[in-house]
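**Q** Under the numbering used here, residue 251 is the last one in the sequence shown; the count climbs by one each step, no gaps. Built from N, CA and C at the ideal position, the CB exists for glycine as well.
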Amino acid sequence: MANLVIDIGNTLIKVAVFNGYDYLLKVDQYQTIDPTEIDRLITGYSVTKAIISTVKKEKADWEVLLSEKLPVKYFSRDIAIGIKNHYGTPQTLGIDRLVAVTAAHNLYPGKDNLVIDGGSCITYDMVDADGNYHGGSISPGLKMRFKAMHNYTSALPLIEPDAGFDSLFGNNTETAIRSGAQNGLKYELTGFIESYREGRPDLNILLTGGDAVFFDNLLKNSIFAPQIKNEPYLVLKGLNVAIQA
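Spelled out as structure tokens, the structure:
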């Protein structure tokens with residue numbers, strides 16, 4: 007018997023199938039969902055229940071159809087297993103952030119966990135070994151930095167991030183933009199991690215989101231590289247934890 011786990015983000019929908027508590031059988035991502043694909047997953051993997059995390063306020067037609075076939079649970083703040091939420095305005099806390107710290111706390115119990123999620127924006131969220139979540143930080147994402155320089159100036163071109171670029175000195179406009187955006191992000195990452203590590207020398211650092219591999223490359227020579235774990239499916243794993251509740 008398998009679990010169907012669906013994470014509906016701002017631009018992509020991630021769909022995964024888990025066999026029980028932690029074994030990931032399949033994962034895909036879509037811009038739109040074809041109901042026949044959901045039917046194929048349900049039949050092919052003998053799915054018996056589903057959980058959805060969504061940033062959308064309205065349900066899509068395929069969600070309604072899914073709920074007619076299976077018991078469907080929506081992730082909410084009251085099923086964040088093991089998390090003591092001290093956020094000042096819990097009703098405004100992004101569900102994806104709460105799912106991520108829920109996953110971190112349950113997958114790495116007894117550890118202080120810092121989750122860095124590299125998506126449209128970058129979020130930094132820490133949950134301590136006792137499950138206390140106090141909040142974190144939100145900053146512009148990697149691609150947003152390049153787009154902002156292009157959109158808010160009259161002359162700077164729009165360029166793409168380059169994982170192979172590692173120079174401090176840009177010797178033309180394109181490489182100067184890259185140096186500013188990518189090195190600036192590297193110093194931001196190391197600065198935040200260093201601050202969160204104060205008093206927590208064994209801090210577990212979990213990278214997730216679409217830019218996790220890029221971040222991992224930026225941090226590979228840092229002093230805390232041994233504490234970094236690349237967890238591309240952290241939110242999906244967190245939802246699979248929550249479906250057990």
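Over the uninterrupted beta strand (DSSP E) stretch that includes A56, give me the two end residues.
**A** Residues V53 to T60.
**Q** Just tell me which of S173, T196 and F198 has its CA closest to the CA of G186.
**A** S173
**Q** Between the alpha carbons of I144 and M7, how many angstroms are there, rounded?
**A** 38 Å
**Q** On the DSSP letters alone, give me the boundaries of the beta strand (DSSP E) that K20 sits inside.
**A** I19 to N25
**Q** Using C-beta distances below 6 Å, list every residue in its chain close to L18, excluding the 5 sequence neighbours before and after it, in chain order.
**A** Hits under 6 Å: Q35.
**Q** State the Cα-Cα distance for the pair G147 and F198, rounded to the nearest angstrom.
**A** 15 Å
**Q** Could you check whether the Cβ of Y139 sits closer than 9 Å to any Cβ belonging to chain D?
**A** Absence of chain D from the displayed structure is noted, only one protein chain being present.
**Q** Suppose the cutoff is 8 Å on Cβ atoms and the five residues either side in sequence are ignored; what does the same chain contact list for A182 look like?
**A** G176
**Q** Excluding the five sequence neighbours on either side, which residues of its own chain have a C-beta within less than 7 Å of the C-beta of F221, listed in chain order?
**A** I122, G124, L195 and L213
**Q** Pick out whichever of L31, Y130, N223 and Y239 has its Cα sitting closest to the Cα of F171.
**A** N223
**Q** Exposed or buried, which one is V107 when buried takes at least 16 other CB atoms within 10 Å?
**A** buried
**Q** Taking the runs of the beta strand (DSSP E) that are 3 residues or longer, which of them lie wholly in the segment 42-110?
**A** Assignment of beta strand (DSSP E) within the segment 42-110, counting only whole runs of 3 or more residues, yields 53-60 and 78-80 in chain order.
**Q** Between D84, L72, N25 and I89, which has its C-alpha nearest L141's C-alpha?
**A** Going by the sequence as given, residue 141 is Gly instead of Leu. Looking at the Cα atoms, I89 is the closest of the given residues.
**Q** For I128, which residues does DSSP report across the bridge?
**A** G124 and S145
**Q** Hey, how far is the Cα of K261 from the Cα of L225?
**A** Because the chain here runs from 7 to 251, residue 261 falls outside it and cannot be looked at.
**Q** Label L72 either buried or exposed according to how many other C-beta atoms from any shown protein chain fall within 10 Å of its C-beta, with 16 as the threshold for buried.
**A** buried
**Q** Mark T129 as exposed unless 16 or more other C-beta atoms lie within 10 angstroms of its C-beta, in which case mark it buried.
**A** buried
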